[in-house]
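Chemist:
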Amino acid sequence: MTLTSQLEQAALWLRQARSVAVLTGAGISAESGVPTFRAPAGRAPTVREGVPPLWNNFRAEDLATPEAFQRDPLLVWQWYDWRRGLIAACKPNLGHFALAGLEDQKEDFTLITQNVDGLHNRAGSRKILKIHGDIWWVQCLSCHKVTSDFRVPLPALPPHCSCGGMLRPAIVWFGESLPLQTWNQAETAAQSCDLFLVAGTSAVVYPAASLAPLAKRHGARVIEINMEETPLSGAADISLRGPSGEILPALIAS
Ligand code: BV8
Ligand code: ZN
């Protein structure tokens, strides 16, 4: 099937679907200039390309862990501060806006995102399940209060809570459980939707990557949008190859 005929079939299924769930990954923000974590094979992830040498020899899996924060909170905060500064300069792209528009078209719509950049909010999406947290939120290690903090740059030393406790990014790190209520809502959406749309994820991080197979087992059609093949592509009913910033508007406008 050509991309055009695949797109027509996918657009028909999307029109017919009463209940839609979407899972997005870093790829949907790539066209906004936000680095992805794992690039297509053979290329270093963009989180390393063109970044200050300080970050060149670190992988996200090395810094986005409670152990890394325990060992060197300042280093981890500097990494997040660098990412926050970069994301603050980025804007939602047509893919984000298309999903915000789809939310208005469907009576039952759930957007599940692995992204922590906040671009779905800025594009106008409302019902967002942030299963990996939000880079613009911080959490106190002592009283566990979660608050927003949009300062760019952050203070030189890791910020502290009003109770005196140290603050950490309110982000789910590797080895940490996902927020239970949010995760349960994501699973429920995957189990009950007619159509599950996956855009811009390498489908290697769990349990997020288990949602599309879960939806399929419960009878949903699965459509994938990605620049490259992923471990999910074989199971998808349609796998659209191309940039989500172009494919999503075409899919939703048709
Ligand atoms: C959990 C926040 C257990 C951080 C993230 C060993 C030890 C411990 C755990 C594990 C282990 N082995 C496996 C695990 C589980 C682990 C895991 O899956 N690891 C992976 C690396 C194998 N998972 C966890 O640890 C999770 N927790 O399992 O808890 C537990 C259970 C009970 C009790 C206690 C504990 C927590 C996972 C969450 C980790 N945090 N993010 C931060 O952001 O700083 S994950 C991180 O990866 C990001 O959130 C990101 O969203 C996510 C997935 O990456 P993608 O979004 O897919 O991005 P990526 O760059 O990989 O791919 C981009 C894709 O887009 C590519 O395919 C590319 O082709 C495509 N693309 C690019 N441009 C475009 C495009 N597509 C379309 N258009 C374009 N223009
Ligand atoms: Zn506190």
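In this text, residue positions in the sequence shown follow the working numbering: the first is 844, and each later residue adds one. From the three backbone atoms N, C-alpha and C, an ideal C-beta is built for every residue, glycine too.
(1) So the alpha helix (DSSP H) R1084 belongs to, where does it begin and stop?
(2) Relative to the alpha-carbon of D1037, which residue among T847, T845, L850, L857 has its alpha-carbon at the smallest distance?
(3) Give a yes or no on whether the C-beta atoms belonging to G1018 and S1087 are separated by under 7 Å.
(4) Taking the Cβ atom as the reference point for each residue, do C983 and G1008 lie within a distance shorter than 7 Å?
(5) Considering only the beta carbon of each residue, do A1103 and F1039 sit closer than 7 Å?
(6) On the criterion of 16 or more Cβ atoms from any shown chain inside 10 Å, does R1011 qualify as buried, or is it exposed?
(7) From the DSSP output, in three-state form, read off G1007 for me.
(8) Helix, strand or coil for R891 per DSSP?
(9) Give me the residue from S1082, L850, A869, E851 with the minimum Cα distance to V1047.
(10) Taking the beta carbon of K973 as the centre, do at least 16 other beta carbons fall within 10 Å, making it buried, or is it exposed?
(11) Which runs of the beta strand (DSSP E) fall wholly inside the stretch 900–957 and span at least 3 residues, in chain order?
(12) So, with DSSP's three-state summary, where would you put W856?
(13) Give a single yes or no on whether N1069 has its beta carbon closer than 6 Å to a heavy atom of the ligand BV8.
(14) Taking just the CA atoms, how far does I930 sit from R902?
Modeler: In short:
(1) Where R1084 is concerned, there is no enclosing alpha helix (DSSP H), although the beta strand (DSSP E) it sits in stretches over 1081–1084.
(2) L857
(3) no
(4) yes
(5) Not covered by the structure: residue 1103. The range shown for the chain is 844 to 1097.
(6) buried
(7) coil
(8) With a pLDDT of 45 at R891, under the threshold of 50, the predicted position of this residue should be treated as unreliable, though the coordinate-derived value follows. It is coil, neither helix nor strand.
(9) A869
(10) buried
(11) 951–956
(12) helix
(13) yes
(14) 18 Å
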